[in-house]
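The next block holds one structure in the form of structure tokens; read it before the comments.
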Amino acid sequence: MGDLRKKLKQNLSTNLFYSKNDRWWLIGFSMLLANGIMIEPQLICSSLLKGQLSEMWLYWSVGIGSAFSVSFFAHLWRKVPVKTENEFLFFRYSGAGAKVLHQFRSLYLGFLVIPFFISFSLLAFGKIFCFIVGIEINVAIGIVTFLIVILTFFNSLKERLQLDFVLFIVFILLFLIIFVSLLLNTGGLSHLETTVQSSKNNFDIIPSLGSKTFNAFIVFVLVQWWSASILDYPDMNGQKLMATNSSKDLIKSIFIPSLSIVLFRVLLFTLPFMAVCYGYANAAADNELAFTALFVKALPSWMLILVLFLFLIPFLSFVQNNQNWGGSLLIENFYKHTIHPNLSDAKTKKLGIIAMIYIIVAAGGIAVYADSIVGITKYIFAITAGVGPVFILRWYWWRINAWSQLSAMLAALIYPPILDWLYANNTAFHQMIGSLEHNFNIDYYPIKIIVLTIAVCFTWLVITFITPPTATKTLETFATTIKPGGFWKPFNNSGKSFSKLRLLAWLLQTGNGFLLYFIFWNFLIGNYALFIGLLLLFVLGFFVSYQLIQKANANYDLELEK
Numbered sequence: 020m021g022d023l024r025k026k027l028k029q030n031l032s033t034n035l036f037y038s039k040n041d042r043w044w045l046i047g048f049s050m051l052l053a054n055g056i057m058i059e060p061q062l063i064c065s066s067l068l069k070g071q072l073s074e075m076w077l078y079w080s081v082g083i084g085s086a087f088s089v090s091f092f093a094h095l096w097r098k099v100p101v102k103t104e105n106e107f108l109f110f111r112y113s114g115a116g117a118k119v120l121h122q123f124r125s126l127y128l129g130f131l132v133i134p135f136f137i138s139f140s141l142l143a144f145g146k147i148f149c150f151i152v153g154i155e156i157n158v159a160i161g162i163v164t165f166l167i168v169i170l171t172f173f174n175s176l177k178e179r180l181q182l183d184f185v186l187f188i189v190f191i192l193l194f195l196i197i198f199v200s201l202l203l204n205t206g207g208l209s210h211l212e213t214t215v216q217s218s219k220n221n222f223d224i225i226p227s228l229g230s231k232t233f234n235a236f237i238v239f240v241l242v243q244w245w246s247a248s249i250l251d252y253p254d255m256n257g258q259k260l261m262a263t264n265s266s267k268d269l270i271k272s273i274f275i276p277s278l279s280i281v282l283f284r285v286l287l288f289t290l291p292f293m294a295v296c297y298g299y300a301n302a303a304a305d306n307e308l309a310f311t312a313l314f315v316k317a318l319p320s321w322m323l324i325l326v327l328f329l330f331l332i333p334f335l336s337f338v339q340n341n342q343n344w345g346g347s348l349l350i351e352n353f354y355k356h357t358i359h360p361n362l363s364d365a366k367t368k369k370l371g372i373i374a375m376i377y378i379i380v381a382a383g384g385i386a387v388y389a390d391s392i393v394g395i396t397k398y399i400f401a402i403t404a405g406v407g408p409v410f411i412l413r414w415y416w417w418r419i420n421a422w423s424q425l426s427a428m429l430a431a432l433i434y435p436p437i438l439d440w441l442y443a444n445n446t447a448f449h450q451m452i453g454s455l456e457h458n459f460n461i462d463y464y465p466i467k468i469i470v471l472t473i474a475v476c477f478t479w480l481v482i483t484f485i486t487p488p489t490a491t492k493t494l495e496t497f498a499t500t501i502k503p504g505g506f507w508k509p510f511n512n513s514g515k516s517f518s519k520l521r522l523l524a525w526l527l528q529t530g531n532g533f534l535l536y537f538i539f540w541n542f543l544i545g546n547y548a549l550f551i552g553l554l555l556l557f558v559l560g561f562f563v564s565y566q567l568i569q570k571a572n573a574n575y576d577l578e579l580e581k
């Protein structure tokens, strides 16, 4: 009992922040495990059952933005002299705008957005848990929520990095055991190849030209990835990247773990095809539940506990990392900074625990009332549509100010429900959108993303030019400290972006992201010669991209020394 109290006390002193100068591989594998890696096969299975695998581009298009983030923003966080990513706002902006934005963003993310993020993962794991254990989904969500509340008392970011690495190894070993068992119990890869090739299901990764799915695909890969994704790491990953030793280690933490699991992802993608082609998933009432049927029907009952742990490991990492981020926003960034500046460290940490408990309880409530994982995803994209450009430009354009970012976030929060209400209740507006749906053969959601992008961007651009710019001293400090390059005309020594190298690296990474799905497909159908050839091409593209970014960052480091 005494050891437990000592452990709790230690965690209360370190539950909200990263530790400086952590090893790159700890940071890298923690980021990888915390990205919801086991949710993707659930969604693939759901899309396969609907005969629309290409609908997955709603999610896969995010990879374009991830590659953009690595190329253009990851290196910049190394020189940001703050403790948390939200404190960056005071470093980049000035005056009342910076104060209001700091307060609003702390509450907006901590009270709303982060619980929605967690509810996405909570609903996904809840569906796995309820199917395996044989209970109602709401009961499963309640049990899992209670479990996370208990584990909150042991949630420390410093220990999270170390624990994530150990759990990642356990996760991979569990996956290999389960994957081999599935192959042995279902006839092996050769039987799966024959079954897939003889299947009448629609397995097209790229949708048919001119179809509704194709037109949505165009919106996802040309608009959504930059409009509705926040690309400059203003999240928990940003805080972790600030903990690396150097820009070289920073890039290693992103690239090397990702390369190490390429073959794992190929095997992982195989599972939903097993579930659908062998008919295990066909009888499920909920397409997002169907994936679990593969394990329940094809494995002995004693192995289901291993399956549960396989899904539990990345789920816990995702949830606890985001809890930690939300706790730091609500307590350190809002309460302590705005209401009680002299709050003792002990009380700060205790309030951090309370904040993290609120976050998981709120996420549990959202998950109970959510219709689907896809529904949560679309809501999150909708309330960020049009915001992405501000987060990009604040690093590279001096004219972006606090009111630009605040107006973008507020507009993106307010406009979606207004748009939905008009679509549902205003006849003229509904007919106008319906006409667009008919003429362009496209569904409401992609149109919604385009409309919101235009409306939100127009709003923050107007606000930017009718409000005064950030104070000259603040801009000069930012430009000469970070030296990001870009458009900093009023200031000398603002650095260079080395954009040609970064652009080429981004294009190669994006190409590799698309290539991975074709690598998987040739593995699935047994075309191993082409599979190996494409895999080698992937590795080549990976290393060329890695070298390009390292070269750009080396040039950037030299620029910083001037």
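With positions in the sequence shown counted from 1, the corresponding number in this note's numbering is that position plus 19.
All C-beta atoms, glycine included, are put in the ideal place defined by N, C-alpha and C.
- For glutamine 339, the enclosing alpha helix (DSSP H) covers residues 323-346.
- At the C-beta level, threonine 164 and alanine 317 stay beyond 8 Å of one another.
- For secondary structure counted as the alpha helix (DSSP H) over 4 or more consecutive residues, the segment 502-548 holds these complete runs in sequence order: 518-543.
- For aspartate 268, the enclosing alpha helix (DSSP H) begins and ends at 266-279.
- The segment 116-123 makes no contact with the segment 435-450, as fewer than three CB pairs between them are under 8 Å.
- The alpha-carbon separation between tryptophan 344 and isoleucine 249 amounts to approximately 16 Å.
- When the five nearest sequence neighbours on each side are left out, the beta carbons in the same chain lying within less than 7 Å of the beta carbon of isoleucine 191 are those of Phe283, in order along the chain.
- Between the alpha carbons of glutamate 74 and threonine 289 lies a distance of about 17 Å.
- In the DSSP assignment, aspartate 364 falls within the unbroken alpha helix (DSSP H) covering 364-388.
- For leucine 45 against glutamine 181, the beta-carbon gap comes to about 6 Å, under 8 Å, which counts as contact.
- Of the candidates Leu287, Lys102, Asn420, Thr396, the residue whose Cα lies closest to the Cα of threonine 491 is Asn420.
- The Cβ-Cβ distance between glycine 407 and tryptophan 525 does not fall below 8 Å.
- Rounded to whole angstroms, the gap between the alpha carbons of leucine 228 and lysine 397 is 23 Å.
- Contact holds between the segment 63-70 and the segment 297-315, because three or more Cβ pairs, one in each stretch, are under 8 Å apart.
- Per the DSSP secondary-structure output, tryptophan 416 pairs in a beta bridge with Phe506.
- Within the segment 161-244, the runs of alpha helix (DSSP H) at least 4 residues long that lie entirely inside it are, in chain order, 176-205, 207-217, 231-238.
- Comparing C-alpha distances from leucine 126 to each of Phe109, Pro134, Leu348, Ser230 shows the shortest one belongs to Leu348.
- In the three-state scheme derived from DSSP, where H, G and I count as helix and E and B as strand, glutamate 580 is classed as coil.
- A Cβ-Cβ contact shorter than 8 Å links isoleucine 350 with glycine 371.
- Annotation for glutamate 307: the continuous alpha helix (DSSP H) segment containing it runs 306-309.
- Secondary structure at asparagine 458: helix, using DSSP grouped into helix, strand and coil.
- Judged by DSSP secondary structure, serine 65 falls within the alpha helix (DSSP H) whose first and last residues are 58-68.
- Comparing alpha-carbon positions, the option among Ser516, Ile376, Ile378, Tyr354 lying closest to threonine 367 turns out to be Tyr354.
- For tyrosine 299, no alpha helix (DSSP H) encloses it, and the DSSP letter there is neither H nor E.
- Burial is judged here by how many other beta carbons sit within 10 angstroms of a residue's own beta carbon; serine 49 has at least 16 and is buried.
- The shortest C-alpha to C-alpha distance from glutamine 71 to any of Arg124, Asp223, Leu131 is the one to Asp223.
- About 30 Å separates the CB atoms of serine 426 and isoleucine 392; that is not less than 8 Å, and the two are not in contact.
- CA-CA distance, valine 168 to phenylalanine 139, rounds to 17 Å.
- The beta carbons of leucine 308 and phenylalanine 150 sit about 5 Å from each other, so the pair counts as a contact at 8 Å.
- Only exposed fits glycine 453, as fewer than 16 other CB atoms lie within 10 angstroms of its CB.
- The segment 88-106 makes contact with the segment 561-575, as at least three CB pairs between them are under 8 Å.
- For a cut-off of 8 Å, the C-beta gap from isoleucine 378 to proline 100 is around 28 Å, too long to register as a contact.
- According to the DSSP assignment, isoleucine 395 belongs to the alpha helix (DSSP H) that extends over 392-401.
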